[in-house]
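Per our numbering, the very first residue in the sequence shown carries number 1; after that it's consecutive. Comments concern the structure below.
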Amino acid sequence: METIYGRQPVRESLLAGRRKFKSLYIASEKQNEELNEIFSLGKKQGLSVSKTTRRDLDQMLNGANHQSVALNASPYPYAEFADVVNGFAKDPFVLVLDHLQDPQNMGSLLRTAEAAGVDCVIIPKDRSAEVTPATVRASAGAAEHMRVVKVTNLVRTMELLKDKGFWFTGLEAVEGAKLYTESDYSGAVGLVIGSEGKGIGRLVRENCDFLVKLPMKGKVTSLNAANAGAIMMYEIVRHRAET
């Protein structure tokens, strides 16, 4: 079991209903609309709701910002690759995270991916951030609605998807990369975002059909993975809406 914390993460987890829930803890001396809704959602899930104190939650969560609520639940339910692929609708959009390390960036990207209608997020099993309670918190609970797949080999996974009609664009500011607004994102598309320090790995980059970059007009030379990924995802959404 693990403990999800924060009002929005707990709310979204209960609404998604993808985990097995054990217990819900609420600490509040005053009537609160958000906490009342969470209480009701917990009851609908058949949970025993324990009234507790903020101090007890502070101790339970080692001082994390719990916003007076915590939920004991089974680990994050990763999706199976075959199930996701078989369930794709027309012109699916997948996000590939190549060994991202920061759970905050991971959470932010999952939040944007869910909002942008991404069909699934693919991450490697090793040397990558995972979907932990901290990641769910950073995603404002959006991770609970997102299908995330863990795979052994990103390159092999990309090849399998290419066999099903996908093509891949990597966000990487290297020589030869196109400006991100000058590419075609129609059809079944995969967007690859690299790690914070090393970017996209060589083999994954070589398996991309083309690379794109963001224009950097100021003195800084890059954005973090979450910000850059958000810009790219919504550029793909915009392009597909207009074609």
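Idealized CB from N, CA, C, for every residue including glycine.
For residue i, count neighbouring C-beta atoms within 10 Å of its own C-beta (all shown protein chains included) and say buried if the count is 16 or more, exposed if not.
{"i": "Phe-93", "result": "buried"}
{"i": "Ala-143", "result": "buried"}
{"i": "Ala-243", "result": "A small fix is needed here, since residue 243 is Thr in this sequence, not Ala. Per the 10 Å Cβ criterion, exposed."}
{"i": "Arg-127", "result": "exposed"}
{"i": "Arg-137", "result": "buried"}
{"i": "Glu-182", "result": "exposed"}
{"i": "Arg-156", "result": "exposed"}
What's the C-alpha gap between residue i and residue j?
{"i": "Lys-20", "j": "Ala-226", "result": "29 Å"}
{"i": "Pro-215", "j": "Asp-58", "result": "43 Å"}
{"i": "Asn-207", "j": "Phe-168", "result": "8 Å"}
{"i": "Tyr-78", "j": "Val-220", "result": "36 Å"}
{"i": "Gly-194", "j": "Pro-75", "result": "25 Å"}
{"i": "Thr-152", "j": "Leu-203", "result": "14 Å"}
{"i": "Asn-224", "j": "Val-85", "result": "29 Å"}
Return the first residue and the last residue of the alpha helix (DSSP H) that residue i is part of.
{"i": "Pro-286", "result": "Residue 286 cannot be examined here, being either before or after the span of the chain that is shown, 1 to 243."}
{"i": "Ala-175", "result": "Inspection of the sequence shows that residue 175 is occupied by Glu rather than by Ala. No alpha helix (DSSP H) holds Glu-175; DSSP gives it neither H nor E."}
{"i": "Tyr-234", "result": "225–242"}
{"i": "Val-220", "result": "Note, Val-220: premise wrong, no alpha helix (DSSP H); not H, not E."}
{"i": "Val-131", "result": "Here Val-131 belongs to no alpha helix (DSSP H), and DSSP marks it neither H nor E."}
For the beta strand (DSSP E) that contains residue i, what are its first and last residues?
{"i": "Leu-100", "result": "Looking at the DSSP string, Leu-100 is not in any beta strand (DSSP E), and its letter there is neither H nor E."}
{"i": "Lys-162", "result": "No beta strand (DSSP E) contains Lys-162, which is instead part of the alpha helix (DSSP H) from 154–162."}
{"i": "Glu-2", "result": "2–5"}
{"i": "Leu-214", "result": "No beta strand (DSSP E) contains Leu-214, which DSSP labels as neither H nor E."}
{"i": "Ile-200", "result": "Element bounds for Ile-200: n/a, residue is neither H nor E."}
Report, in whole angstroms, the separation of the C-beta atoms of residue i and residue j, which I expect to be a contact under 8 Å.
{"i": "Gly-50", "j": "Leu-24", "result": "Looking at the sequence shown, residue 50 is not Gly but Ser. Confirmed, Cβ separation roughly 7 Å."}
{"i": "Gly-247", "j": "Glu-37", "result": "Coverage of the chain is limited to positions 1 through 243, which leaves residue 247 absent and any answer about it impossible."}
{"i": "Arg-7", "j": "Gln-67", "result": "5 Å"}
{"i": "Glu-2", "j": "Pro-133", "result": "6 Å"}
Could you check whether the Cβ of residue i sits closer than 8 Å to any Cβ belonging to chain D?
{"i": "Phe-81", "result": "Absent here is chain D; the protein component of the structure consists of one chain."}
In chain order, each alpha helix (DSSP H) run of at least 4 residues that lies wholly inside the segment 28–84: 33–44 and 54–60
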